[in-house]
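K.L.:
Chains as they are written, first to last, in this note's numbering: chain A, 849 to 1419; chain B, 8 to 396.
Take a look at the structure:
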């Protein structure tokens, strides 16, 4: 790293320009201009046989095909009409492939050799606020999202499979108004998908109880999907639910584990010890054909509960591997441990058979780009984005905070300058930046369908002057395309620091001040990579950022990212 | 014989063409690359991959350290086994190295998996897939697990106060566990959002050794954070920077702990059908013969919540039945307290059809509750329903 960049610019004059690292974090940005015909989308390119069984009572190809085709057609239609309305080129949720990417080769076929089960249970969890994969690294190679999950469920149902769905909880990961909206939206989506039981994660229970109750109990508490043996919300959530599907009775309960309980400081939520609560609930499930425990708990605690309560057939843990095992671990005589990975990138489908034994089969399903968009989920995402737009940053409770570099004695300190200001003295650097995807990072959001420029979790990395990891604006940071158009895009200030004081100093006569401001904006490549770029190019949004380049064996940052944004010299 | 060859060739071509067309009709994707046999001889010989143990637990891994484990792959088949590193679940931190990608029948080779603990997540739950040409096991998933530990650990790493009364003093604590040092002290701190800093206080004290027995810590420190009354309604957006001295080290370590929460009114309502922002209670369509009931809770917060009384005021239409239950203290988690007062609103059976949907055809019904709270003298509730015959 240091050797490779020994030639890298060192001084301020060569560094005050755009440290616009990385384009793959914004693949969507270029997709709009590189959009192929709709038929190139993974949704229509998906092979029915990829999902279908290879033999036996294979999934009906025509049915699957018709589901996919209908979904794709619906998406195409809405994409085109919306795009025409707004006069922009639409980027589809499942964007066209920029390069050859075969999700089936990557993640394998699903349900190979499966006959129609008596019952299929779809098990998910830990959405962690990821209503959809962020898409920054290319949706086609990212996994997860409510839309794909819904499509999977619909495809199974289209085969005539009796389907039940349960979720271990953890719908959100943050706190605040946006998380409350995410929780409510997710609850609506789970209802629409046909979920029968959902547990709670710690972040869910840190939200305002009024908002949780509104989403959980809805119009009628008896319809509540949310169950918990040891979490009590004013007595409005049942301790268990018994679902019926495929002629089977499925008893489901959930618990919140000890370590997660300690993360909650909410006087409105009452929580009991998990084991104690299960002792009273388990007898209620005695007449069920299948018993499921949704354990939002550490792996160790989950296993301890499974050992203590061996009557459960399936125990779901929220503390799973990033890829759940293909064959779930066996705990005791009959219990299987199902792992819910972070961000709900995978689900596990459990098929039940009377004959032949064993009576359960397991399929780990990567929610990858073979699954088309669900028009219903897209509608929900549109509603979500409209709510965010209506509330605005104030309504979301986001207040401008001082940038960490703010010197309170200087009113311009910590204020943002914009790329247009930088251009006056650094036209070459500006020219390089203007050709990067960072230059139109905000525009990228406006071209999505639905647009995302009112979503703080997107804007924080797609505009200038926001805290990228805490999702709030700094003082004088980007507000909107109308109010702060010059701060659109991911521009100079984001990497070098707020530049307004520097711009003023260059126009003044105080040479000491001028030197100090120049020094303040100096940025080494190593520091940028580890402390600046990585704030947005993190594991979730830019997984290849510091991985190895397969062709050269060198770090991707060196080979792929930095050369795109590197700029030298004062100008 | 030539015509026979032509027929055979034509038949083979025809079958291939037909098969290809069928495949193209039903599959738009290429066949599963991972299952495509490679190096399988015409005699039907095949490789067979065996792995000694496909999972490994590193136990505790110190942050930023790199750990390695060697998995042993054996080719139990009778054709050459090829191995290729797949995409790991953490491209930043997990690397699988193949010393020898071709494994002769009967041969055993090492596959090393390396993990660098630079991911922010404390749990290591990664998969390193190895792609093979064994037709029965095209993908072997090497599973690694463990726990990342540093010199210290914060519990919790962020403070979420959930809902807090504007008139309430709320305290919470953060425990700092030193995993390698015999002592940890807070030697400095700053509340970083200046506009609300004066509403916060910090105190710290060592955690006695007997309270550390169930932890993995050698020493600990308890940081007590107090939020004083007076912050305006809305989101709390604060961060405390703690400067720590670990052991005898002269260099201090700084750590930032975000503090979040919502300052809310002392009086609120929760329950099915209640929309706080609109002060509206909705009922599903009500049958005149059956009537309908909604059960809600009035929540009272603040240090003087026990002194507050509530009684029913205006009820329009008057036949609505409003019942207030006995107050009780909610046994919630964490600090602070909430008193809940059950509130039942009933549309009695036998009422005539009526529209209270809040439109031109019928205004909302209304219930007003009167309280002795100094700042919230009444609670107005709009009731939205329609009674059908």
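Think of the CB as a built atom: it goes at the ideal place given N, C-alpha and C, for glycine as much as any other residue.
Who are the neighbours of residue 1173(A) on chain B, taking C-beta pairs under 8 Å?
P.N.:
Neighbours of residue 1173(A) on chain B, chain order: 148 and 150.
K.L.:
Could you tell me whether any Cβ in chain B is nearer than 8 Å to the Cβ of residue 870(A)?
P.N.:
Residue confidence for residue 870(A) is low, a pLDDT of 34 falling below 50, so the modelled location carries little weight and cannot support an answer.
K.L.:
Could you check whether residue 1081(A) and residue 842(A) sit closer than 8 Å to each other, using their CB atoms as the reference points?
P.N.:
The structure shown has nothing for residue 842(A), since chain A only spans 849 to 1419.
K.L.:
Is the beta carbon of residue 1346(A) closer than 8 Å to that of residue 1251(A)?
P.N.:
Going by C-beta atoms, residue 1251(A) is nearer than 8 Å to residue 1346(A).
K.L.:
What is the residue span of the alpha helix (DSSP H) that residue 1310(A) lies within?
P.N.:
Here the alpha helix (DSSP H) through residue 1310(A) covers 1304-1310.
K.L.:
Name the two residues that bound the continuous alpha helix (DSSP H) containing residue 1031(A).
P.N.:
Counting along the chain, the alpha helix (DSSP H) containing residue 1031(A) begins and ends at 1025-1041.
K.L.:
Mapping DSSP to helix, strand and coil, what is residue 1241(A)?
P.N.:
In this structure, residue 1241(A) counts as helix in the three-state DSSP scheme.
K.L.:
With DSSP as the reference, please indicate the residues paired to residue 3(B) in a beta bridge.
P.N.:
Absent from the model: residue 3(B). The displayed extent of chain B is 8 to 396, so no value can be given.
K.L.:
Could you list which residues in chain A have their beta carbon closer than 8 Å to that of residue 242(B), in chain order?
P.N.:
Chain A residues near residue 242(B): 1024, 1025, 1245, 1246 and 1247.
K.L.:
Closer than 8 Å by C-beta to residue 1064(A): which residues in its own chain qualify, once you throw out the five before and the five after it? Chain order, please.
P.N.:
Counting only Cβ-Cβ distances below 8 Å, and skipping sequence neighbours, we find 1035, 1072, 1073, 1074, 1081, 1084 and 1085.
K.L.:
To which residues does DSSP link residue 179(B) through a beta bridge?
P.N.:
Looking at the DSSP assignment, residue 179(B) forms a beta bridge with 232(B).
K.L.:
Examine chain A for any beta-carbon lying closer than 8 Å to the beta-carbon of residue 334(B), and answer yes or no.
P.N.:
No - not a single Cβ of chain A is within 8 Å of the one on residue 334(B).
K.L.:
So for residue 157(B), helix, strand or coil by DSSP?
P.N.:
Note: residue 157(B) maps to coil in three-state DSSP.
K.L.:
Indicate the three-state DSSP secondary structure (helix, strand or coil) for residue 1269(A) in the structure shown.
P.N.:
If DSSP states are grouped into helix, strand and coil, residue 1269(A) belongs with the helices.
K.L.:
At the level of alpha carbons, what is the spacing between residue 1382(A) and residue 1196(A)?
P.N.:
Taking the straight line joining both Cα atoms gives about 32 Å.
K.L.:
In the structure shown, what three-state DSSP assignment does residue 136(B) receive?
P.N.:
Reduced to three states, the DSSP call for residue 136(B) is strand.
K.L.:
Take residue 200(B) as the anchor and find which of 1045(A), 1253(A) and 982(A) has the nearest alpha-carbon.
P.N.:
That would be 1253(A), whose Cα lies nearest to the Cα of residue 200(B).
K.L.:
Which value, in whole angstroms, describes the spacing of the CA atoms of residue 377(B) and residue 216(B)?
P.N.:
Near 52 Å, if we compare the C-alpha coordinates of residue 216(B) and residue 377(B).
K.L.:
So does the region 962-974 of chain A actually touch the region 1221-1241 of chain A, counting three or more Cβ pairs closer than 8 Å?
P.N.:
These segments do not touch.
K.L.:
Is the beta carbon of residue 970(A) less than 8 Å from the beta carbon of residue 1166(A)?
P.N.:
Contact: no.
K.L.:
Starting from the C-beta of residue 1442(A), find all residues in its chain whose C-beta is less than 8 Å away, skip the five residues before and the five after it, and write them out in chain order.
P.N.:
The first residue shown for chain A is 849 and the last is 1419, placing residue 1442(A) beyond what the model contains.
K.L.:
To which residues does DSSP link residue 394(B) through a beta bridge?
P.N.:
In DSSP, residue 394(B) forms a bridge with 293(B) and 361(B).
K.L.:
Along the beta strand (DSSP E) that carries residue 76(B), what are the first and last residues, could you check?
P.N.:
Element bounds for residue 76(B): 73-82.
K.L.:
Alpha carbon to alpha carbon, what distance is there between residue 225(B) and residue 248(B)?
P.N.:
If you take the alpha carbons of residue 248(B) and residue 225(B), they lie about 23 Å apart.
K.L.:
What residues in its chain sit with their C-beta under 8 Å from that of residue 1122(A), if we drop five residues either side in the sequence?
P.N.:
Excluding positions up to five away in sequence, the list reads 1077, 1078, 1103, 1104, 1105, 1106, 1143, 1145, 1149 and 1153.
K.L.:
Put residue 1279(A) into one of helix, strand or coil per three-state DSSP.
P.N.:
Helix, per DSSP.
K.L.:
To the nearest whole angstrom, what separates the beta carbons of residue 322(B) and residue 303(B), a pair I think is in contact under 8 Å?
P.N.:
In fact, because the Cβ distance is near 15 Å, the residues do not count as touching under 8 Å.
K.L.:
Applying a beta-carbon distance threshold of less than 9 Å, which residues of chain B neighbour residue 976(A)?
P.N.:
Result: empty, since nearest Cβ-Cβ is about 11 Å, beyond 9 Å.
K.L.:
Please state the DSSP three-state secondary structure of residue 218(B).
P.N.:
Helix, per DSSP.
K.L.:
With DSSP collapsed to three states, give me the class of residue 885(A).
P.N.:
Only weak support is given to the placement of residue 885(A): the predicted model assigns it a pLDDT of 30, under 50, and the value that follows is read from those uncertain coordinates. Correct three-state label for residue 885(A): coil.
K.L.:
Can you tell me whether residue 1202(A) is buried or exposed? The criterion is at least 16 other CB atoms within 10 Å of its CB, across all chains shown.
P.N.:
It counts as exposed.
K.L.:
Output yes if chain B places a C-beta closer than 8 Å to the C-beta of residue 1217(A); else output no.
P.N.:
Residue 1217(A) does not count as touching chain B.
K.L.:
Apart from the five residues on each side of it in sequence, which residues of its chain come closer than 8 Å, Cβ to Cβ, to residue 332(B)?
P.N.:
Answer for residue 332(B): 348, 349, 350 and 351, listed in chain order.
K.L.:
So, with DSSP's three-state summary, where would you put residue 1328(A)?
P.N.:
Three-state result, residue 1328(A): coil.
K.L.:
Is there a C-beta anywhere in chain A that falls below 8 Å from the one on residue 144(B)?
P.N.:
No, no contact with chain A.
K.L.:
On the DSSP bridge list, what partners appear for residue 1319(A)?
P.N.:
Partner(s): none; residue 1319(A) has no beta bridge.
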